[in-house]
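**Student:** Quick note on our numbering: the sequence shown kicks off at 3 and runs consecutively. Every residue, glycine too, gets a C-beta built ideally from N, C-alpha and C.
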Amino acid sequence: MTTHRAWARSRESVPVDHTEAEVIAQAAAALDGAEPEAILAWAFARYGDGVTLACSFGGVSGMVLMDMVQRLQPSAEVFYLDTDYLFPETYAMVEAAPQRWPGARVVGYKTDVTPEQQAAQHGAALWERDPDLCCEIRKIEPNRRALAGKQAWISGLRRDQSAERADTPAVQWDAKFGLVKLNPLINWDEKRVWAYIFANNVPYNPLHDQGYPSIGCTNCTKAVAPGDDPRSGRWSGQDKTECGLHTEP
Ligand code: SF4
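Structure follows, in structure tokens:
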């Protein structure tokens with residue numbers, strides 16, 4: 003596993019060309035009710051290793067997709083964003099991945115801004131005062147670098163996760179990052195994801211068994227009570243529900 007640290011900035015909305023827009027629209031319609039493997043197979047047939055998987059090693063959706071990608075296109079890159087604030091359990095998941103999937107191309111991307119430099123420049127605990135800026139530095143910019151030169155990326159978004167995600171298509175143009183975005187799990191719910199995990203003996207983050215249904219950075223993730231909204235432990239007490247990776251530019 004390697005970790006990339008270089009900088010690259012480009013924040014404009016990137017338009018899609020007419021031909022690709024038509025292909026995406028047709029695929030989104032054709033694959034709307036499709037199983038995840040069919041959506042992934044379409045993407046790998048069209049873009050090959052130009053497809054990359056974003057896997058946080060926190061959520062179970064990402065682990066399901068990791069397993070599917072290793073079966074369908076093991077040469078495709080799988081990346082995670084190392085914010086410097088991941089849980090030890092999450093870093094352990096990254097380290098253990100080659101045991102389960104030998105040969106998997108797992109790459110970590112992180113900002114050049116150390117936690118100490120961030121505190122010196124913006125003050126201590128930026129995530130409490132301006133979490134959007136903290137996510138911009140530690141997630142969005144590294145994500146932009148992870149996607150540079152790729153043609154499509156795979157996310158673990160599901161329609162059942164939140165109201166904001168309820169209309170997510172199977173295939174879409176991501177104007178924020180300037181490439182195709184695939185959402186193979188849109189039609190699955192929590193139950194189906196866990197069923198796949200257990201049926202295929204896929205490893206998952208042990209924090210799920212300790213009250214953390216949604217796992218991000220240590221600073222911004224809390225355990226939730228049984229029955230509570232699974233994402234209510236993320237940025238708890240703040241007017242923020244998304245890190246910005248999946249929102250419009
Ligand atoms: S989730 Fe919290 S700590 Fe992590 S990058 Fe975003 S604001 Fe910063």
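Can you tell me whether N221 sits near ligand 1, meaning its C-beta is under 8 Å from at least one heavy atom of the ligand?
**Tutor:** yes
**Student:** Which residues bound the beta strand (DSSP E) around R107?
**Tutor:** 107-111
**Student:** Grab the span of the beta strand (DSSP E) containing F81 for me, first residue to last.
**Tutor:** From DSSP, the beta strand (DSSP E) with F81 extends over 79-83.
**Student:** Please classify P2 as buried or exposed, where buried requires at least 16 neighbouring CB atoms within 10 angstroms.
**Tutor:** Past the boundaries of the shown model lies residue 2; the chain is included only from 3 to 251, so the question cannot be answered.
**Student:** Hey, is N139 close to ligand 1, as in C-beta under 8 Å from one of its heavy atoms?
**Tutor:** According to the sequence displayed, residue 139 carries Ile and not Asn. Within the cutoff, so yes.
**Student:** Could you tell me the alpha carbon to alpha carbon distance between Q75 and A122, rounded to whole angstroms?
**Tutor:** 43 Å
**Student:** Looking at P133 and ligand 1, is the gap between the Cβ and the nearest heavy atom below 8 Å?
**Tutor:** P133 has its CB nearer than 8 Å to a heavy atom of ligand 1.
**Student:** Which residue marks the beginning of the alpha helix (DSSP H) containing I41, and which one marks its end?
**Tutor:** 38-49
**Student:** When the Cα of K224 is compared with those of S238, D211, D231, E130, which residue comes out closest?
**Tutor:** Checked all of S238, D211, D231, E130; the closest Cα to K224 is S238.
**Student:** What runs of the alpha helix (DSSP H), each 4 residues or longer, lie entirely inside the segment 169-241?
**Tutor:** 192-201
**Student:** How many whole angstroms separate the CB atoms of P171 and N185, which I take to be in contact at a CB cut-off of 8 Å?
**Tutor:** 7 Å
**Student:** Is the segment 110-117 in contact with the segment 61-74, if contact means three or more CB pairs nearer than 8 Å?
**Tutor:** Touching, no, given that fewer than three Cβ pairs across the two stretches are closer than 8 Å.
**Student:** Assuming R146 and F179 form a contact by the criterion Cβ under 8 Å, report the distance between their Cβ atoms to the nearest whole angstrom.
**Tutor:** Taking 8 Å as the upper bound for CB-CB distance, R146 and F179 are in contact here, some 6 Å apart.
**Student:** Count the other CB atoms within 10 Å of the CB of R73; is the residue buried (16 or more) or exposed (fewer)?
**Tutor:** exposed
**Student:** Assuming V16 and A154 make a contact with CB atoms under 8 Å, what is their CB distance in whole Å?
**Tutor:** Contact flag wrong, Cβ pair sits at about 13 Å.
**Student:** Here's a check: name, in chain order, each residue in its chain whose Cβ is nearer than 7 Å to the Cβ of A30, leaving out the five neighbours to either side.
**Tutor:** P171, A172, V173, Q174
**Student:** Does the distance between the C-beta of T249 and the nearest non-hydrogen atom of ligand 1 fall short of 8 Å?
**Tutor:** no
**Student:** Below 8 Å, is the gap between the Cβ of T85 and the nearest heavy atom of ligand 1?
**Tutor:** Within the cutoff, so yes.
**Student:** Checking 9 Å against the spacing of the C-beta atoms, do P133 and D84 come in under that value?
**Tutor:** no
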